[in-house]
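Visitor: Take this structure first; my questions come after.
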Amino acid sequence: MSLLISGASVAQQRANYNEAKIKPYVLPDVLQSANGQKVKSIADWENGRRKEILRLFENEVYGKVPEIEQMKHSSQVIEESSVALNGKATRKQIALNFTNQDKEINILILLYTPNDVEYPPTFIGYNFYGNHTITEEAAVLLTDSWVANNEDFGITENKATEASRGVRTSRWPIEKIIEAGFGLATIYYGDVDPDRDNFSDGIHPLFYKEDQEKPTSDEWGAIAGWAWGASRVLDYLKQDHHTSGSKFIMFGHSRLGKAALWAGATDTRFDAVISNESGCGGAALSRRKFGETVSVINTSFPHWFADSFEKYNNKEQELPVDQHMLISLMAPRPVYIASAEGDQWADPKGEYLSGYYASPVYKLYGKEGFTSPEHPKVNQPVHNTIGYHMRPGKHDVVDYDWEQFMKFCKMNLSE
Ligand code: GTR
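Position in the sequence shown (from 1) plus 197 gives the number in my numbering.
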């Protein structure tokens, strides 16, 4: 397939990228409960079907957050400057600490807010290699958490060092975000849960019962852990005096786009949600089996989901949900689905169709999702209460993506 990038894995090479080879499938009706009852009103949706769908995703896909007695937590501002980014922004670094059963995690928030806007709408997004990778600013602290090795970024021995400062600035156009009047809070995802198949570190052990060593089959994987962490960051930002009156937009790319969607589904305090190229287990419909599939993702990344998701390997038709139902859980809040033409692995058309099949729920609220099942062509964004674009190029986050996100948020969050 010409759109596939070189260096693709065996699974990527073997995947189906041919629309004509997709077997017919039937999606669960988002507005019909498991017992056959039709959703006719917002009340039916909010008190019935929405709760049912959320439970199904918890039990069968991402896993439940175990219930525990309250855990100890604290926050501390450890660095602040009102002359960041040449005086345009205030930079603040905040350490959150969570402690339970002799285990702890420390989450470092890097927050930028424009100096000329009170309570700016603020993007919250995880980064892949540490807060210091998204900016050249020397004051931005290095994470102490485990980091995946990456030769190109000079990361060896699973430790962040100065070598990786600024290596991911292309994905985070902070100055443009600030100039457009938005704030940005970013967090290294490994501070919440290091991305490896190892349930003895990160957030999960803080929730274990005595002698428990890993989550049970319907308990949370890493995606639900990252979603939990995003909610804790939101708890903090809602009481920081720079952002206490702000609206919050949960953003994520790829696996972190999956986490952004699950965060938006489980926590309706996120005012808008953006998933960039989130693919399988994110915005893409599983039943299309186009690009990455349930069995492939459960084999490569078993720790991302609850173990219970594995029973749907090659049995997508037996899933009680599909990913349009994940999008529907955002309603009536704005949600943006972004794809890249060169990222067929993430199934751009399947990502769009999720938005289309979630649209009846938006309609219940008098909001417009997508009106056509026709997949928009490259560079033809659709901006309703559900937004979409497919840009040319590979799996990545580029300025064009941010320009669309900001335009969409301005339009949707300005009342
Ligand atoms: C890929 C994975 C995708 C996507 C991506 C990423 O290898 O198959 O589901 O999550 O990683 O997060 O970069």
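Even for Gly, the Cβ is constructed at its ideal location relative to N, Cα and C.
Report yes if the CB atom of E548 is closer than 9 Å to the CB atom of Y585, and no otherwise.
Guide: Yes; because the gap between Cβ atoms is below 9 Å, this pair is in contact.
Visitor: For S556, does the count of other Cβ atoms within 10 angstroms reach 16, so buried, or fall short, so exposed?
Guide: Buried, since its Cβ has 16 or more Cβ neighbours within 10 Å.
Visitor: What are the boundary residues of the alpha helix (DSSP H) that includes Q210?
Guide: Here the alpha helix (DSSP H) through Q210 covers V207 to R211.
Visitor: Taking K604 as the reference, which of K546, Y533, D392 and G590 has the closest Cα?
Guide: Cα-wise, what sits closest to K604 is Y533.
Visitor: Which residues bound the beta strand (DSSP E) around F295?
Guide: That run of the beta strand (DSSP E) goes A286 to N297.
Visitor: What are the start and end residues of each continuous beta strand (DSSP E) run of 3 or more residues lying completely inside the region 503–528, in chain order?
Guide: Entirely contained in the region 503–528, not one beta strand (DSSP E) run reaches 3 residues.
Visitor: Quick one: using the 10 Å Cβ neighbour count with 16 as the cut-off for buried, is N232 buried or exposed?
Guide: Exposed is the call here.
Visitor: How is the alpha helix (DSSP H) around P557 delimited, first residue to last?
Guide: That run of the alpha helix (DSSP H) goes P545 to L561.
Visitor: What does the Cβ neighbour count give for R365, buried or exposed, with the cut at 16 atoms within 10 Å?
Guide: R365 is buried by the Cβ-count criterion.
Visitor: Count the other CB atoms, across all protein chains shown, that sit within 10 Å of the CB of D598; report buried if there are 16 or more and exposed otherwise.
Guide: Counting Cβ neighbours within 10 Å, D598 comes out buried, since at least 16 surround it.
Visitor: Sorted by chain position, which residues of the same chain lie with C-beta nearer than 7 Å to Y559's C-beta, five sequence neighbours on each side aside?
Guide: Once the five neighbours on either side are set aside, the close Cβ partners of Y559 are A528, P529, E565, G566, T582 and I583.
Visitor: Determine the contact status of A377 and T319, defining contact as a CB-CB distance below 9 Å.
Guide: No, they are not a contact pair.
Visitor: Just confirm the distance between the C-beta atoms of A345 and D392, as a whole number of angstroms; I'd bet it's less than 8 Å.
Guide: About 6 Å; that satisfies the 8 Å criterion.
Visitor: Take Y259 and list the residues in its own chain whose beta-carbon comes closer than 7 Å to its own, dropping the five residues that flank it on each side.
Guide: Closer than 7 Å at the Cβ level, and outside the excluded window around Y259, lie W417, G418, I420, A421, W459, F502 and A503.
Visitor: How about F467 and F445: do their beta carbons lie closer than 9 Å?
Guide: A contact, by the Cβ cut-off of 9 Å.
Visitor: Which of the three DSSP states is assigned to Q234 in this structure?
Guide: It is coil, neither helix nor strand.
Visitor: Looking at C-alpha atoms only, which residue of E359, G380, E257 and Y553 is the closest neighbour of G442?
Guide: Closest by alpha carbon: G380.
Visitor: Check the C-beta distance from I302 over to V389 and give it rounded, since I have them as a contact under 8 Å.
Guide: Yes, they are in contact, since the Cβ atoms of I302 and V389 sit about 7 Å apart, within 8 Å.
Visitor: Under 9 Å, Cβ to Cβ, is there at least one residue of chain D near I471?
Guide: Protein chain content of the structure displayed is limited to a single chain, and chain D is not contained in it.
Visitor: Just reading off the beta strand (DSSP E) that R588 is part of, what are its end residues?
Guide: Unbroken beta strand (DSSP E) run through R588: I583 to R588.
Visitor: Just checking H592 against the ligand GTR - is the residue's beta carbon closer than 8 Å to any of the ligand's heavy atoms?
Guide: Correct: H592 has its Cβ closer than 8 Å to the ligand GTR.
Visitor: What is the residue span of the beta strand (DSSP E) that Q601 lies within?
Guide: Run containing Q601: none in the beta strand (DSSP E); it sits in the alpha helix (DSSP H), D596 to L610.
Visitor: How would you label N294, buried or exposed, when you count the other beta carbons within 10 angstroms and need 16 or more for buried?
Guide: So N294 counts as exposed.
Visitor: For V337, does the count of other Cβ atoms within 10 angstroms reach 16, so buried, or fall short, so exposed?
Guide: Its Cβ being crowded by 16 or more others within 10 Å, V337 is buried.
Visitor: If you count every other CB in all the chains shown that lies within 10 Å of the CB of I384, and 16 or more means buried, which is it?
Guide: Answer is buried; the Cβ neighbour count reaches 16.
Visitor: Which two residues bound the contiguous alpha helix (DSSP H) that contains K248?
Guide: Segment R247 to F254, the alpha helix (DSSP H) holding K248.
Visitor: Would the beta-carbon of I494 be found less than 8 Å away from any heavy atom of the ligand GTR?
Guide: Under cutoff, so the answer is yes.
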